[in-house]
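Okay, structure first, notes after.
In the numbering used here, the protein residues as written are 1 to 243.
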């Protein structure tokens, strides 16, 4: 989770810094570049920020790009005033296109996880979703527990309802494992010794946790860990429904 927080913070900083920096760098070309060309260059900056950050960072980049486009490339120059109707339209289009593109880029970032999973992973998610439509919560917990053992090649797995005792290593929503305040290198070292918790939330409320019992020396790919998180989320949704 901390990786995404740092990444999003960096994207916000980039949204504030890159548009004015790029716009200022293009000022010497003001007589040779059309305003449309400048706007397209700034859209590229918006896409880059949104693809590497969250949606608010992309929206901020769009607003910043429109403002600095106005400042540097519409008359009167170096004021936030626009007098020509064509420049007003270009600035508005830059803003609207930038906002739309930032939404798409942020969504693509979220969906990238699904794109890299294979058919077997997707089948597990689909089967659990189907079960959640009709089965009791206890049956879903048992189903997901068995899925996690197979998916992550575990020695075992149990589920604790509504308790947070101790501070065991934790499998995070982004697929990383945190031990204390440090990120554990699962890809190189496998899971840490002892049980690893995977929390289940429903409607934003903690409802329980799967206690994973890793097999020593076995590593699980990031895609498998992300599917495990999705299965835990489905469990939390079923528990919150009170079935």
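Backbone N, C-alpha and C define an ideal beta-carbon position, used for all residues, glycine too.
Legend entry - residue 15 versus residue 24: straight-line alpha-carbon distance, rounded: 15 Å
Legend entry - Spatial distance of residue 195 from residue 17 (CA atoms): 44 Å
Legend entry - Limits of the alpha helix (DSSP H) - the one that residue 145 falls within: 137-151
Legend entry - Spatial neighbours of residue 163 in its chain, beta-carbon cut-off 8 Å, leaving aside the 5 residues before and after: 208 and 209
Inset, instruction - Work out the CA separation of residue 136 and residue 198 for me, nearest whole Å. - result: 21 Å
Legend entry - Neighbourhood of residue 229 by C-beta distance below 6 Å, restricted to the same chain and skipping five residues each side: 173
Inset, instruction - Check the C-beta distance from residue 214 over to residue 154 and give it rounded, since I have them as a contact under 8 Å. - result: 6 Å
Legend entry - Whether residue 88 touches residue 65 by CB criterion (8 Å): no
Inset, instruction - With DSSP collapsed to three states, give me the class of residue 12. - result: helix
Inset, instruction - Could you spell out the range, first to last residue, of the alpha helix (DSSP H) harbouring residue 223? - result: 222-240
Legend entry - Member of 225, 201 and 200 whose CA lies at the smallest distance from the CA of residue 191: 225
Legend entry - Straight-line Cα distance separating residue 80 from residue 67: 7 Å
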